[in-house]
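Numbering (the UniProt record's numbering), first residue to last: 1 to 438. All C-beta atoms, glycine included, are put in the ideal place defined by N, C-alpha and C.
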């Protein structure tokens with residue numbers, strides 16, 4: 001928000017435009033997948049988009065891995081832009097070492113935060129199992145979202161007179177909190193190891209806060225920290241949001257959502273419900289964001305509502321689990337799509353090659369973001385357009401097959417639907433991961 005021009009006007013507009021467009025594209029993409037791919041083939045495919053391209057695009061099938069790589073690069077670049085600003089504002093308030101609040105004098109970019117973010121993300125390459133990383137970071141993400149949305153009620157009660165350019169219906173945060181609570185409880189049954197690991201890492205933030213924040217009595221704001229320029233317009237903001245959302249998820253999640261939901265119809269329903277919940281959550285954040293137009297997003301809202309400790313726990317969870325885990329998933333998926341054509345007969349690339357390519361992508365995007373904000377946003381705008389074009393190709397081809405009568409997956413769409421709440425929660429985990437970034 002600090003770098004956004006006219007934030008009270010552009011921020012809610014950017015949310016409405018970007019989230020709505022992504023939801024429509026995601027749902028149509030899944031409809032297209034099911035119009036071309038039989039259910040069994042989709043469940044067996046390690047890369048649904050590539051299988052789709054091989055069946056429909058002929059000699060042009062190579063374009064799908066290229067488009068996927070561009071899409072994931074855009075998601076990782078958008079994450080680099082937003083996450084580095086979170087570290088910057090946190091350090092400026094004293095919750096992280098002062099070194100992370102430094103801004104490059106000539107480039108006006110948070111250079112030390114960018115370097116730290118890249119190093120933390122590389123630590124997640126200890127594992128190359130993308131599904132484990134998604135389960136791990138999704139539980140932590142839903143837990144933090146539950147805490148952040150609760151601040152909505154605090155501000156309504158304690159500060160009813162604060163200016164609110166956008167004021168949403170009180171039912172929106174209630175609906176979002178109920179679903180978030182469900183998604184936090186159910187995975188305890190299905191993925192206990194990932195849940196325990198996330199809770200342990202979260203708990204380690206308590207002594208860190210006590211010894212390095214509370215006892216140090218750091219100032220809320222480092223007055224000599226340089227501010228960030230207001231260089232981002234509406235188009236840049238929409239590009240960043242679309243880039244954040246449309247990254248890895250739409251190319252990884254459809255298979256898992258179908259597997260956990262059990263049927264084509266329930267799979268599509270989960271995507272629709274998740275999309276609606278994202279709109280609900282986005283407008284709750286629009287009220288918070290226009291009421292508190294500070295860089296840092298959830299961190300800033302929690303700090304204003306509850307004080308330094310809850311804000312630090314959110315920051316700690318984000319820095320140690322959510323952001324590094326999400327960036328590792330994107331980098332590993334990018335590496336897999338880039339390397340897969342060089343390994344015939346469907347053999348997976350070696351882990352060492354995946355890690356090397358993933359690290360190389362992170363280093364390149366870190367340099368782009370270090371040089372200039374405008375460079376990073378131009379890259380983001382270009383990659384956002386590329387990924388939208390890629391999904392439009394999939395949608396158009398799929399709709400052509402559907403209109404020609406390829407409807408076998410829609411003849412009995414609810415066949416095989418699961419009634420297991422834990423499995424449905426896992427399906428929602430993967431759709432929310434795909435929508436993550438709003």
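Neighbour-count burial assignment, residue i, 16 or more Cβ in a 10 Å radius
{"i": "residue 34", "result": "buried"}
{"i": "residue 67", "result": "buried"}
{"i": "residue 78", "result": "buried"}
{"i": "residue 254", "result": "buried"}
{"i": "residue 191", "result": "buried"}
{"i": "residue 196", "result": "exposed"}
{"i": "residue 194", "result": "buried"}
{"i": "residue 404", "result": "exposed"}
{"i": "residue 159", "result": "exposed"}
{"i": "residue 40", "result": "exposed"}
{"i": "residue 85", "result": "buried"}
{"i": "residue 316", "result": "buried"}
{"i": "residue 398", "result": "buried"}
{"i": "residue 436", "result": "buried"}
{"i": "residue 414", "result": "exposed"}
{"i": "residue 170", "result": "exposed"}
Host alpha helix (DSSP H) of residue i (start-end)
{"i": "residue 53", "result": "48-56"}
{"i": "residue 162", "result": "Looking at the DSSP string, residue 162 is not in any alpha helix (DSSP H), and its letter there is neither H nor E."}
{"i": "residue 197", "result": "192-203"}
{"i": "residue 117", "result": "111-123"}
{"i": "residue 351", "result": "351-371"}
{"i": "residue 39", "result": "39-44"}
{"i": "residue 78", "result": "63-92"}
{"i": "residue 180", "result": "171-185"}
{"i": "residue 308", "result": "308-317"}
{"i": "residue 432", "result": "421-435"}
{"i": "residue 325", "result": "323-339"}
Residue i versus residue j - alpha carbon distance
{"i": "residue 187", "j": "residue 198", "result": "12 Å"}
{"i": "residue 101", "j": "residue 12", "result": "27 Å"}
{"i": "residue 163", "j": "residue 294", "result": "14 Å"}
{"i": "residue 264", "j": "residue 75", "result": "27 Å"}
{"i": "residue 81", "j": "residue 369", "result": "7 Å"}
{"i": "residue 359", "j": "residue 136", "result": "21 Å"}
{"i": "residue 258", "j": "residue 146", "result": "26 Å"}
{"i": "residue 205", "j": "residue 313", "result": "6 Å"}
{"i": "residue 289", "j": "residue 282", "result": "10 Å"}
{"i": "residue 18", "j": "residue 26", "result": "12 Å"}
{"i": "residue 43", "j": "residue 165", "result": "46 Å"}
{"i": "residue 179", "j": "residue 115", "result": "35 Å"}
{"i": "residue 352", "j": "residue 210", "result": "38 Å"}
{"i": "residue 400", "j": "residue 118", "result": "42 Å"}
{"i": "residue 141", "j": "residue 46", "result": "25 Å"}
{"i": "residue 174", "j": "residue 284", "result": "10 Å"}
{"i": "residue 10", "j": "residue 88", "result": "22 Å"}
{"i": "residue 53", "j": "residue 298", "result": "39 Å"}
{"i": "residue 62", "j": "residue 355", "result": "23 Å"}
{"i": "residue 139", "j": "residue 184", "result": "6 Å"}
{"i": "residue 328", "j": "residue 129", "result": "10 Å"}
{"i": "residue 274", "j": "residue 434", "result": "10 Å"}
{"i": "residue 23", "j": "residue 16", "result": "11 Å"}
{"i": "residue 59", "j": "residue 49", "result": "15 Å"}
{"i": "residue 443", "j": "residue 105", "result": "As shown, the chain starts at 1 and ends at 438. That puts residue 443 outside it, with no answer to give."}
{"i": "residue 123", "j": "residue 268", "result": "35 Å"}
{"i": "residue 310", "j": "residue 99", "result": "22 Å"}
{"i": "residue 57", "j": "residue 36", "result": "12 Å"}
{"i": "residue 112", "j": "residue 207", "result": "24 Å"}
{"i": "residue 131", "j": "residue 412", "result": "29 Å"}
Neighbourhood of residue i by C-beta distance below 7 Å, restricted to the same chain and skipping five residues each side
{"i": "residue 14", "result": "234, 237, 238 and 241"}
{"i": "residue 361", "result": "73, 76, 331 and 334"}
{"i": "residue 305", "result": "151, 154 and 155"}
{"i": "residue 320", "result": "201"}
{"i": "residue 177", "result": "146, 149 and 150"}
{"i": "residue 97", "result": "91"}
{"i": "residue 29", "result": "250, 391, 394 and 395"}
{"i": "residue 120", "result": "319 and 324"}
Contact with chain C by residue i, beta-carbon distance below 8 Å
{"i": "residue 269", "result": "Of the protein chains in the structure, only one exists, and it is not chain C."}
Residues near residue i by beta carbon distance below 8 Å, same chain, minus five either side
{"i": "residue 386", "result": "67, 70, 71 and 74"}
{"i": "residue 371", "result": "107 and 109"}
{"i": "residue 270", "result": "257, 261, 424, 427, 428 and 431"}
{"i": "residue 349", "result": "335, 336, 339, 340, 342 and 343"}
{"i": "residue 417", "result": "261, 262, 263, 265 and 266"}
Cut-off 6 Å between Cβ atoms - residues of its own chain near residue i, not counting five sequence neighbours on either side
{"i": "residue 300", "result": "292 and 294"}
{"i": "residue 51", "result": "45"}
{"i": "residue 144", "result": "314 and 317"}
{"i": "residue 226", "result": "Note that residue 226 scores a pLDDT of 46, beneath 50, so its modelled location is shaky and nothing firm can be said."}
message = At 4 residues or longer, what runs of the alpha helix (DSSP H) sit wholly inside the segment 242-302?
response = List check, alpha helix (DSSP H) in window: 249-261 and 264-291.
query = Where in the segment 5-37 do unbroken runs of the beta strand (DSSP E), each at least 3 residues long, occur, reported from the N-terminal end onward?
reply = The beta strand (DSSP E) runs lying completely inside the segment 5-37 and spanning 3 residues or more number zero.
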